[in-house]
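Student: Sequence positions in the sequence shown follow our numbering and run 53 to 111.
Beta carbons: idealized from backbone N, C-alpha and C, even for Gly.
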Amino acid sequence: MSCFRPEGRGGRNAHLQYSPYVRRALLKGVGSVVVNEDLREIEPLAYHFFVNFAKDNDL
Numbered sequence: 053m054s055c056f057r058p059e060g061r062g063g064r065n066a067h068l069q070y071s072p073y074v075r076r077a078l079l080k081g082v083g084s085v086v087v088n089e090d091l092r093e094i095e096p097l098a099y100h101f102f103v104n105f106a107k108d109n110d111l
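#1: Rounded to whole angstroms, what is the Cα-Cα separation between residue 82 and residue 98?
#2: Buried or exposed for residue 79, please, with buried defined as at least 16 other CB atoms from any protein chain shown within 10 angstroms of its CB.
#3: Using only the alpha-carbon positions, how far apart do residue 92 and residue 85 sit?
#4: Exposed or buried, what is residue 73 when buried is set at 16 or more other beta-carbons lying within 10 Å of its beta-carbon?
#5: In terms of residues, what are the limits of the alpha helix (DSSP H) holding residue 79?
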């Protein structure tokens, strides 16, 4: 799962990089992680990690 950083995004948090397939979100006031279903085909191990993590932690 590769990371990317949009061009021109410097400053205080310049060290942070995000995957185009996994993003953080605020859903109904709850901090969340949204996983793009395309990840299942592109990187099955990463996809299953997220699914199993959610199941194991009752998320």
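Tutor: According to the data block:
#1: For the purposes of this step, residue 82 is identified with residue 30 of the sequence shown, where counting begins at 1. For the purposes of this step, residue 98 is identified with residue 46 of the sequence shown, where counting begins at 1. Cα to Cα, residue 82 sits roughly 23 Å from residue 98.
#2: Here residue 79 refers to the residue found at position 27 when the sequence shown is read from its first residue. Exposed.
#3: In the sequence shown, residue 92 corresponds to position 40, counting from 1. In the sequence shown, residue 85 corresponds to position 33, counting from 1. So the alpha carbons of these two residues sit roughly 15 Å apart.
#4: For this step, residue 73 is matched to residue 21 along the sequence shown. Classification of residue 73: buried, given that the 10 Å Cβ count is 16 or more.
#5: Taking the sequence shown and counting its residues from 1, one reaches residue 79 at position 27. Per DSSP, residue 79 belongs to no alpha helix (DSSP H); it is in the beta strand (DSSP E), 74-79.
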